[in-house]
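Residue numbers (my numbering): 225 to 541.
Just so you know, even glycine gets a beta-carbon here, dropped at the ideal spot from N, CA and C.
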Ligand SMILES: Nc1ncnc2c1ncn2[C@@H]1O[C@H](COP(=O)(O)OP(=O)(O)OP(=O)(O)O)[C@@H](O)[C@H]1O
């Protein structure tokens, strides 16, 4: 696997009057080619600062980063050409130009030939459902339309790397789903994507790996399933053909592994365990010995929301 984004002790300290704000602190991250990396963090955690720094919009106070092999300080122009960037605040759009003209302007800046550009713009306006708004001046766009145009612009020059700051905030649920599909289709083309979000369902759906930022520090970086394992909490939900009580299940060999037994109905219960694979065989055996037939059995792992809250709440730094 190739490394597309790499940061080394990336740090940004803002100075406001005499106060120092450590927006991001010693971030070491490596994102592989073709990966979707999702950045989570509470308000003010440093997500936007991180994304802007690797996009060359902000200079780090110290530390370094490389995007597509180019250094953010020495090869600023090449980094910018390699990335499709969409941030929340798009001051750079021209308010008096319409949507089409704005994309035309930026496409020309990217050096896309006029005929190809026309095709590309029409394709993107269609992709983001903006055809009806193409002749509307940017200043009359709704917040969601502005966001979509910003994403369309990020895709204009078909770059290898995408940096999206909250790509679906202020977007209606149907359009948000469409945008998530577009992001997944970029991954299918082996593009690399880093995005921030407050939407845990989005993180669950898109992320190959997740990074949890809090107060400028990266608390955890891992695949979803590994982050979930940290909580050591899995729920086994069971439905059987007859009634059962806790004492018939929580017997020797299995009792100490059950953190919680919850009876849902006479013939339905759930148990909370650290690791379901250590319990399942024994549980099934016990039910069999009690002459109970299993109708359904499911294992639920913690949600990314639980994981996120757990990491941030336990961060005492
Ligand atoms: N230009 C700036 N000058 C001073 N402080 C700044 C500047 N930009 C960001 N900060 C501060 O840096 C910290 C991180 O802000 P940042 O916008 O990166 O957080 P975020 O995780 O994107 O938050 P949110 O989820 O609310 O968008 C905050 O304390 C913020 O006030």
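Just so you know, the alpha carbons of residue 420 and residue 364 end up roughly 27 Å apart. Between ligand 1 and the CB of residue 271, the shortest heavy atom gap is smaller than 7 Å.
Contact check for residue 368 and residue 396: beta-carbon distance about 6 Å, within the 8 Å limit, so the pair qualifies.
Taking 8 Å as the cut-off, the Cβ atoms of residue 516 and residue 448 do not count as close.
The region 335–389 contains, as complete beta strand (DSSP E) runs of 3+ residues, the segments 385–389 (chain order).
Residue state for residue 529 is assigned as helix, using DSSP reduced to three classes. Following the DSSP letters along the chain, one finds residue 475 in no beta strand (DSSP E), marked with neither H nor E.
The DSSP-derived three-state label of residue 438 is strand. In the three-state reduction of the DSSP assignment, residue 498 falls in the coil class, being assigned neither a helical nor a strand state. When C-alpha distances from residue 479 are compared across 492, 463, 503, the shortest belongs to 503. Apart from sequence neighbours up to five positions away, the residues of its chain that approach residue 389 with a beta-carbon distance below 6 Å are 272, 275, 311, 312, 420, ordered along the chain. Counting only runs of 3 or more residues that sit fully inside the region 282–311, the beta strand (DSSP E) segments are 286–291, 307–310, in chain order. In the structure shown, the three-state DSSP call for residue 395 is coil. For the set 243, 247, 229, the Cα lying nearest the Cα of residue 237 is the one of 247.
Here residue 531 is buried, its C-beta having at least 16 other C-beta atoms within 10 Å.
Annotated three-state conformation of residue 405 is helix, per DSSP. Where residue 250 is concerned, the enclosing beta strand (DSSP E) starts and stops at 243–256. Judged by beta-carbon spacing, residue 436 lies beyond the 8 Å limit of residue 309, meaning their Cβ atoms are not closer than that value.
In this structure, ligand 1 has a non-hydrogen atom nearer than 7 Å to the beta-carbon of residue 238. The count of Cβ pairs closer than 8 Å, one atom from the region 413–430 and one from the region 339–352, stays below three, leaving the stretches out of contact. Where residue 486 is concerned, the enclosing beta strand (DSSP E) starts and stops at 482–489.
Excluding its 5 nearest sequence neighbours in each direction, residue 330 has C-beta neighbours in its own chain below 8 Å: 377, 380, listed in chain order. Ligand 1 approaches residue 267 closely enough that one of its heavy atoms is under 7 Å from the residue's Cβ.
Listed as beta-bridge partners of residue 321 by DSSP are no residues whatsoever. Linking residue 279 to residue 488 through their CA atoms gives a straight-line distance of about 51 Å.
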